[in-house]
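Engineer: Chains as they are written, first to last, in the working numbering: chain A, 794 to 1130; chain B, 1324 to 1752.
Yeah, the Cβ is synthetic: ideal placement off N, Cα and C, and Gly gets one too.
There's a structure below that I have some questions on.
Quick look at the structure:
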């Protein structure tokens, strides 16, 4: 099977959907002629024309605002916000408009819209190119939030997101675009061409939203992770030799609670990992759900490993980032509790 | 210099220190309306051109060539009730009588619903008094399939579009027949079938969406156009500016309306307008043809709407229209204008009442009379009361018959996800 980078997989998903469905349109800042600052839309304008893939003014509010209007008309916009850190001007259009249109109009108008955003750090992007705002979306009623961790999932999940009748926030961990990141920034990058999950089928295939994947079977402790942290957690398990079960959530909302519950009931221990800041992060929701569902199976307190509650720093990036060492310590702490 | 009519704050800050070597300390300029409660209403600084004075350019005109239209006021009906000038002569007696009936229906419906709110049958209401011509006349320039992105003060689009008064009242009452299942604040209607986009209640968000809808129509090589609506106050929102940027860049087939009714709740229009001569003038920097129209003149609103819609339909791009009107009533049932403007200000408003002006015109045309007006008022009120009663037979907000709690969980997503299913079970509904 062909191996592809995450960018190639994402581009293929849009390409496949644009060729299958004339209502799919793609736009954003630098998205048209140039093909996007991460090259996710490269070639799409040349292939589908300027009315289906085009550059926009620098207005995130405008990008999502016109997308809501287009979706209400009947198109299926798949738009790019250049960095998730730039989405705040569009937040009202996402929260008050896209998310609620079906509900408030009792289904007269719907909003089949995908907002793609590169998310997370690890590229020395400082506080405006590194944030992980997923909890700001999972807290909103009426949108789905997806965070893929590899090229195969990225393609299958993005196809599902474009086909979904409701708005989907598609957060792309930018540190994973070119290869799985093991959490050691000082080591050479492994390319996706050397990773099994870099194998991506050509053509159309969908991975349903709302289903997690077990990346590593284990019995000692359950690690809940998504995006970049799935790979960092794998490193932590390997380096500590702990037989962890690693669940890649893939979709944060709707959440695959059944898979989580089955795993924690089996292991009796749970470590939650995300790159976003700790307080009121998505880990807090996971923690609450796990303790409610699995309280009598828990052998130890649930532990969260997350970004510190500071703005994402520049020079101190690797002090901020919850790397394999911190996750490893949490695993040991959980097992010794 | 363009007319700076309708500006209450045309006083230019004194350059006190112009002659001295050291500038005086800085002072913050906060615009104030000319008159506050207790004062005598004064619109003497408003310059209103005589009806018929403003040219009617061809629809393919360059925005540059009609800059003056952003500072004047297009008017058709003169003081004697005659339709004059190049924007006149487009509507038949029957069409005008229908327009009169729409405005009177809206006014009667407002009166009844306002009272229903006071009687505790619903939580909230917003009336249109004084602004009826804007939405009623504009609607008649649209074709089936066109889409309005309205604010909460354009119910005339629904009434003139043939929407059912019963359904409107059911929405206001959040009863068992509410087409929106009790999910929306009263008057936040939605009817795709009638070209009326779901009202958000958040200001200005719909303006950029109208541009997106219009772009989609162009992408699909369709023939439909979109119409955006916004109030004078909400033009300060970023959505307004984004809408003008995108409409300008992509020459979207959209008509962008600003309804300048002078008041944003308690804040006079000068706070949003700032140093801009008029709201319409904001379009000029974007190269968008911008016109001002007498919003209390049914014929003028209709003529300008036709002109702008034709531009959109011919792929000539967007048009910005400022409707100059006056909000006679309160912003909503939650505020009292006596707290922020003279009580008699509405009587001093120089553009008159849209219903009376159209009635007088029809009488001048020989198509109507005061007697028939009285008769029509009674008939219309009967129709409205009958619709209200029918709606009330399906319940009101606090009656036992109201929208069901079961429906609260429906429609958040196309398919209900597991967590909502669990919550509905827990709620026991």
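1. Along the alpha helix (DSSP H) that carries residue 1063 of chain A, what are the first and last residues, could you check?
2. Under a three-way DSSP split, which group does residue 1444 of chain B fall into?
3. Any idea which residues DSSP pairs residue 1041 of chain A with across the strands?
4. Compare the C-beta of residue 871 of chain A with all C-beta atoms of chain B and state if any pair is closer than 8 Å.
5. Residues in the region 893-919 of chain A with C-beta within 7 Å of chain B's C-beta atoms, listed in sequence order?
6. Using a Cβ-Cβ cutoff of 8 Å, what residues of the region 871-891 of chain A are near chain B? List them in chain order.
7. Out of curiosity, what's the CA-to-CA distance linking residue 1388 of chain B and residue 1541 of chain B?
8. Please list the partners that residue 852 of chain A has in chain B, where partner means a Cβ-to-Cβ separation under 9 Å.
9. At a Cβ threshold of 8 Å, is residue 817 of chain A touching chain B?
10. Hey, residue 1404 of chain B and residue 1683 of chain B: beta-carbon distance below 8 Å or not?
11. Starting from residue 1683 of chain B, trace the beta strand (DSSP E) in both directions and tell me its first and last residue.
12. What in chain B is Cβ-close to residue 859 of chain A, meaning under 8 Å?
13. Quick one: Cα of residue 1123 of chain A to Cα of residue 1445 of chain B, how far?
14. Would you identify the three-state DSSP class for residue 1336 of chain B, choosing helix, strand or coil?
15. Exposed or buried, what is residue 1462 of chain B when buried is set at 16 or more other beta-carbons lying within 10 Å of its beta-carbon?
16. Rounded to whole angstroms, what's the CA-CA distance from residue 1364 of chain B to residue 912 of chain A? Just pull it up for me.
17. Given a cut-off of 8 Å, decide if residue 872 of chain A and residue 908 of chain A are closer than it, judged by their beta-carbon atoms.
18. Where do the ends of the alpha helix (DSSP H) carrying residue 914 of chain A lie?
19. Any idea what DSSP makes of residue 1087 of chain A, helix, strand or coil?
20. In the DSSP assignment, what are the bridge partners of residue 965 of chain A?
21. With burial defined as no fewer than 16 other Cβ atoms inside 10 Å of the residue's Cβ, what is the status of residue 1737 of chain B: buried or exposed?
22. When DSSP labels each residue in this structure, what does residue 1514 of chain B get in the three-state scheme?
23. Examine the Cβ distances between the region 959-972 of chain A and the region 1047-1058 of chain A and report whether three or more of them are shorter than 8 Å.
24. Just the Cα atoms here: how many angstroms apart are residue 1714 of chain B and residue 1438 of chain B?
25. In or out: residue 1373 of chain B buried (at least 16 other Cβ within 10 Å) or exposed?
26. Cβ of residue 1673 of chain B less than 8 Å from any chain A Cβ?
27. Candidates A/1015, A/1031, A/1042, A/1048: which alpha carbon is nearest residue 1096 of chain A's?
28. Return yes when the Cβ of residue 1075 of chain A is within less than 8 Å of the Cβ of residue 849 of chain A, no when it is not.
29. Quick check: the Cα distance between residue 1334 of chain B and residue 1591 of chain B, rounded to an integer number of angstroms?
30. Does any residue of chain B bring its CB to less than 8 Å from the CB of residue 959 of chain A?
31. Between A/808, A/904, A/1049, which has its C-alpha nearest residue 842 of chain A's C-alpha?
32. What is the DSSP secondary structure of residue 1327 of chain B, counted as helix, strand or coil?
33. What three-state label does DSSP hand residue 1121 of chain A in the structure shown?
34. Under 8 Å, do residue 1718 of chain B and residue 1729 of chain B count as touching if we go by C-beta distance?
35. Comparing alpha-carbon positions, which option in B/1468, B/1502, B/1514 lies nearest residue 1318 of chain B?
36. What runs of the beta strand (DSSP E), each 3 residues or longer, lie entirely inside the region 1448-1499 of chain B?
Structural biologist: In terms of the structure at hand:
1. In the first chain, counting from the first residue as 1, residue 1063 of chain A sits at position 270. Per DSSP, residue 1063 of chain A belongs to no alpha helix (DSSP H); it is in the beta strand (DSSP E), 1063-1070.
2. By one-based count along the second chain, residue 1444 of chain B stands at place 121. When secondary structure is reduced to three states using DSSP, residue 1444 of chain B falls in the coil class, being assigned neither helix nor strand.
3. Translated into the one-based positions of the first chain, residue 1041 of chain A becomes position 248. Beta-bridge partners assigned by DSSP to residue 1041 of chain A: A/1006, A/1018.
4. Here residue 871 of chain A corresponds to residue number 78 of the first chain, with the count starting at 1. Not an interface residue.
5. Within the region 893-919 of chain A, the qualifying residues are 894, 895, 896, 897, 898, 899, 900, 901, 902.
6. Residues 882, 885, 886, 889, 890.
7. Here residue 1388 of chain B is taken as the residue at index 65 of the second chain, counted from 1. Here residue 1541 of chain B is taken as the residue at index 218 of the second chain, counted from 1. When only Cα atoms are considered, residue 1388 of chain B and residue 1541 of chain B end up about 26 Å apart.
8. As a position in the first chain, residue 852 of chain A is number 59, starting the count at 1. The contacting residues are 1531, 1561, 1564, 1565, 1568, 1569.
9. The sequence position of residue 817 of chain A within the first chain is 24, counting from 1. For residue 817 of chain A, no Cβ of chain B is located within less than 8 Å of the residue's own Cβ.
10. Locating residue 1404 of chain B in the second chain gives position 81, counting from the first residue. Locating residue 1683 of chain B in the second chain gives position 360, counting from the first residue. Between residue 1404 of chain B and residue 1683 of chain B, the C-beta gap is smaller than 8 Å, which places the two residues in contact.
11. On the second chain, residue 1683 of chain B is found 360 positions in, with the first residue counted as 1. Residue range 1677-1687 is occupied by the alpha helix (DSSP H) that includes residue 1683 of chain B, with no beta strand (DSSP E) assigned at that position.
12. Within the first chain, numbered from 1, the residue matching residue 859 of chain A stands at position 66. By Cβ distance, chain B contributes 1531, 1532, 1534, 1535, 1538, 1569.
13. For the purposes of this step, residue 1123 of chain A is taken as residue 330 along the first chain, with counting starting at 1. For the purposes of this step, residue 1445 of chain B is taken as residue 122 along the second chain, with counting starting at 1. So the alpha carbons of these two residues sit roughly 55 Å apart.
14. If you number the second chain from 1, residue 1336 of chain B lands on position 13. Only weak support exists for where residue 1336 of chain B lies, its pLDDT of 47 falling under 50; the value from the coordinates is given anyway. Residue 1336 of chain B falls in the coil class under three-state DSSP.
15. The residue you call residue 1462 of chain B lines up with position 139 of the second chain. Classification of residue 1462 of chain B: buried, given that the 10 Å Cβ count is 16 or more.
16. Translated into the one-based positions of the second chain, residue 1364 of chain B becomes position 41. Translated into the one-based positions of the first chain, residue 912 of chain A becomes position 119. Each residue's Cα considered, the two are about 56 Å apart.
17. Walking along the first chain from the start, residue 908 of chain A turns up at place 115. Walking along the first chain from the start, residue 872 of chain A turns up at place 79. Yes, Cβ-Cβ distance for residue 908 of chain A and residue 872 of chain A is below 8 Å.
18. Walking along the first chain from the start, residue 914 of chain A turns up at place 121. No alpha helix (DSSP H) holds residue 914 of chain A; DSSP gives it neither H nor E.
19. The sequence position of residue 1087 of chain A within the first chain is 294, counting from 1. DSSP, read as helix, strand or coil, puts residue 1087 of chain A in helix.
20. Taking the first residue of the first chain as 1, we reach residue 965 of chain A at position 172. As DSSP reads the structure, residue 965 of chain A sits in a beta bridge with A/911.
21. As a working mapping, residue 1737 of chain B is identified with position 414 in the second chain. When all chains shown are included, residue 1737 of chain B counts as exposed.
22. Counting from one through the second chain, the residue named residue 1514 of chain B turns up at place 191. DSSP places residue 1514 of chain B in strand when its eight states are reduced to three.
23. In this structure the region 959-972 of chain A does not touch the region 1047-1058 of chain A; the number of beta carbon pairs closer than 8 Å is below three.
24. Taking the second chain and counting its residues from 1, the one referred to as residue 1714 of chain B is at position 391. Taking the second chain and counting its residues from 1, the one referred to as residue 1438 of chain B is at position 115. If I take the Cα positions, the gap works out to 15 Å.
25. Start at 1 with the first residue of the second chain, and residue 1373 of chain B comes out as number 50. Per the 10 Å Cβ criterion, exposed.
26. Position 350 of the second chain, counting from 1, holds the residue named residue 1673 of chain B. Taking Cβ atoms only, chain A never reaches closer than 8 Å to residue 1673 of chain B, which makes this a no.
27. Here residue 1096 of chain A refers to the residue found at position 303 when the first chain is read from its first residue. Ranking A/1015, A/1031, A/1042, A/1048 by Cα distance to residue 1096 of chain A puts A/1015 first.
28. In the first chain, residue 849 of chain A corresponds to position 56, counting from 1. In the first chain, residue 1075 of chain A corresponds to position 282, counting from 1. Contact flag unset, no.
29. In the second chain, the residue the question calls residue 1334 of chain B occupies position 11. In the second chain, the residue the question calls residue 1591 of chain B occupies position 268. Any answer about residue 1334 of chain B is weak, because its pLDDT of 44 lies below 50 and its placement is not dependable; what the coordinates show is given next. Residue 1334 of chain B and residue 1591 of chain B have their alpha carbons spaced roughly 16 Å apart.
30. Your numbering for residue 959 of chain A matches position 166 in the first chain. Yes, its Cβ sits closer than 8 Å to a Cβ of chain B.
31. By 1-based counting over the first chain, the position of residue 842 of chain A is 49. Minimum Cα-Cα distance from residue 842 of chain A among the listed residues A/808, A/904, A/1049 corresponds to A/808.
32. Locating residue 1327 of chain B in the second chain gives position 4, counting from the first residue. Annotation note: pLDDT 42 at residue 1327 of chain B (below 50); position unreliable, coordinate value reported separately. Looking at residue 1327 of chain B - three-state DSSP - the assignment turns out to be coil, as it is neither helix nor strand.
33. For the purposes of this step, residue 1121 of chain A is taken as residue 328 along the first chain, with counting starting at 1. DSSP places residue 1121 of chain A in helix when its eight states are reduced to three.
34. Residue mapping note: residue 1718 of chain B aligns to position 395 of the second chain, counting from 1. Residue mapping note: residue 1729 of chain B aligns to position 406 of the second chain, counting from 1. Contact flag unset, no.
35. Absent from the model: residue 1318 of chain B. The displayed extent of chain B is 1324 to 1752, so no value can be given.
36. As far as the region 1448-1499 of chain B is concerned, its whole beta strand (DSSP E) runs of at least 3 residues are 1470-1472.
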